[in-house]
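Participant: In this note's numbering, each residue carries its 1-based index in the sequence shown increased by 12.
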Amino acid sequence: MNITIIGCWGGFPKAGEATSGYMVEHDGFKLLLECGSGVVSLMQQKYDLGEIDAVILTHYHYDHMCDIGPLQYARQIKTQLGQINKSLPIYAPRGEFFNLLKWEDYTYGQDFDDKSILTIGPFEISFIKNVHPVEAYSIRIKCSDKVFSFTSDTAYFEGLESFFDKSDILISECSFYSHMDGTKAGHLNSSQAGMLAKNAHVKKLVLTHLPHFGNLEDLVKQAKEQYTGEIVLAEKFMEITI
13 MNITIIGCWG GFPKAGEATS GYMVEHDGFK LLLECGSGVV SLMQQKYDLG
63 EIDAVILTHY HYDHMCDIGP LQYARQIKTQ LGQINKSLPI YAPRGEFFNL
113 LKWEDYTYGQ DFDDKSILTI GPFEISFIKN VHPVEAYSIR IKCSDKVFSF
163 TSDTAYFEGL ESFFDKSDIL ISECSFYSHM DGTKAGHLNS SQAGMLAKNA
213 HVKKLVLTHL PHFGNLEDLV KQAKEQYTGE IVLAEKFMEI TI
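1. Which partner residues of Phe41 appear in the DSSP bridge assignment?
2. Classify Asp39 as buried or exposed, calling it buried when 16 or more other Cβ atoms lie within 10 Å of its own Cβ.
3. What does the alpha-carbon distance come out to for the pair Leu22 and Pro82?
4. Can you check which of these residues, Gly206, Gly62, Cys47, Ala209, is closest to Ile68 by C-alpha distance?
5. Applying the criterion that 16 or more other CB atoms from any shown protein chain within 10 Å of the CB defines a buried residue, is Lys178 buried or exposed?
6. Quick test of the definition: if touching needs 3 or more C-beta pairs under 8 Å, does the region 53 to 61 touch the region 109 to 126?
7. I want to know whether the region 162 to 177 touches the region 84 to 95 - three or more CB-CB distances under 8 Å.
8. Rounded to the nearest angstrom, what separates Lys210 and Tyr239 at their Cα positions?
9. Please name the residue or residues paired with Ser184 in a DSSP beta bridge.
10. Does DSSP classify Ala205 as helix, strand or coil?
11. First and last residue of the beta strand (DSSP E) that includes Ser138?
12. Please name the residue, chosen from Lys233, Ala167, Gly107, Ser128, that lies closest to Asp193 on a Cα-to-Cα basis.
13. Can you give the Cα-Cα distance for Glu147 and Glu37, rounded to whole angstroms?
14. So who's on the other strand from Asn14, going by DSSP bridges?
15. Compare the beta carbon distance of Leu217 and Ala235 with 9 Å and say whether it is the shorter of the two.
16. Helix or strand or just coil, what does DSSP make of Pro82?
17. Considering only their Cβ atoms, is the gap separating Ala212 from Phe175 smaller than 9 Å?
18. With distances taken Cα to Cα, identify the nearest neighbour of Ile140 among Gly133, Thr131, Arg152, Asp180.
19. For Ser203, which of His221, Glu237, Leu172 has the nearest alpha-carbon?
20. Please state whether DSSP places Ala66 in a helix, a strand or coil.
21. Out of Ile102, Asp117, Ala205, point me to the one whose CA is closest to Phe110's CA.
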């Protein structure tokens with residue numbers, strides 16, 4: 013399983029970059045996890061938009077899904093040009109934007125909740141409901157004997173630890189520095205991301221959903237006070253193979 017980080021910024025993209033977007037691949041199958049601002053543009057530096065086999069949106073905040081409209085237009089145009097002939101499934105919670113995921117014959121929505129266990133291509137995917145101002149989910153992706161987990165956006169709660177247990181890779185949001193409390197906003201700080209990795213016994217921690225202020229290397233230092241395993245900051249086009 014290979015994970016390519018397309019975008020890693022929280023709220024809005026840094027110039028020339030993108031908010032949340034991750035391409036998960038195995039045996040030629042391409043699953044796009046999140047489609048935030050700037051993702052469609054950046055993604056084309058490495059992928060053809062017609063190659064995507066499925067999309068997952070964890071929730072309906074714009075920094076995780078606002079490029080889904082441009083992606084739908086891209087699929088329409090490529091279909092009309094005869095470059096592709098398949099409708100793109102978009103897996104997402106059933107919420108205020110769900111009906112917009114159906115775009116004529118070009119894309120369609122498939123809903124999930126915390127009881128869902130989905131098989132999408134080679135991946136088995138499960139979900140846990142997060143603590144966030146809108147309905148949002150963390151996800152766990154299993155492929156063969158490897159596990160990739162992703163927090164999406166959430167405040168800390170104990171259920172995350174067992175859900176992510178023994179993941180090979182945990183990509184965790186890290187919206188705040190350790191002295192800041194993100195609970196009311198539904199986000200993790202750096203110490204909490206490290207504590208989550210420690211208590212879930214994960215093999216590697218990648219910090220994402222990064223803030224636009226402060227020294228980002230401090231996020232790693234603060235997380236390391238809790239977790240002794242490998243920690244890296246997400247960055248554009250970083251590739252992780254497990």
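For every residue, glycine included, the Cβ atom is placed at its ideal position computed from N, Cα and C. Quantities reported herein were computed from a predicted structural model and do not represent experimental measurements.
Facilitator: In this structure, then:
1. His38
2. exposed
3. Checking the displayed sequence, the identity of residue 22 turns out to be Gly instead of Leu. One C-alpha to the other measures close to 20 Å.
4. Cys47
5. exposed
6. no
7. no
8. 5 Å
9. Leu219
10. helix
11. 135 to 141
12. Ala167
13. 26 Å
14. Glu37, Thr253
15. yes
16. helix
17. yes
18. Arg152
19. Glu237
20. strand
21. Ile102
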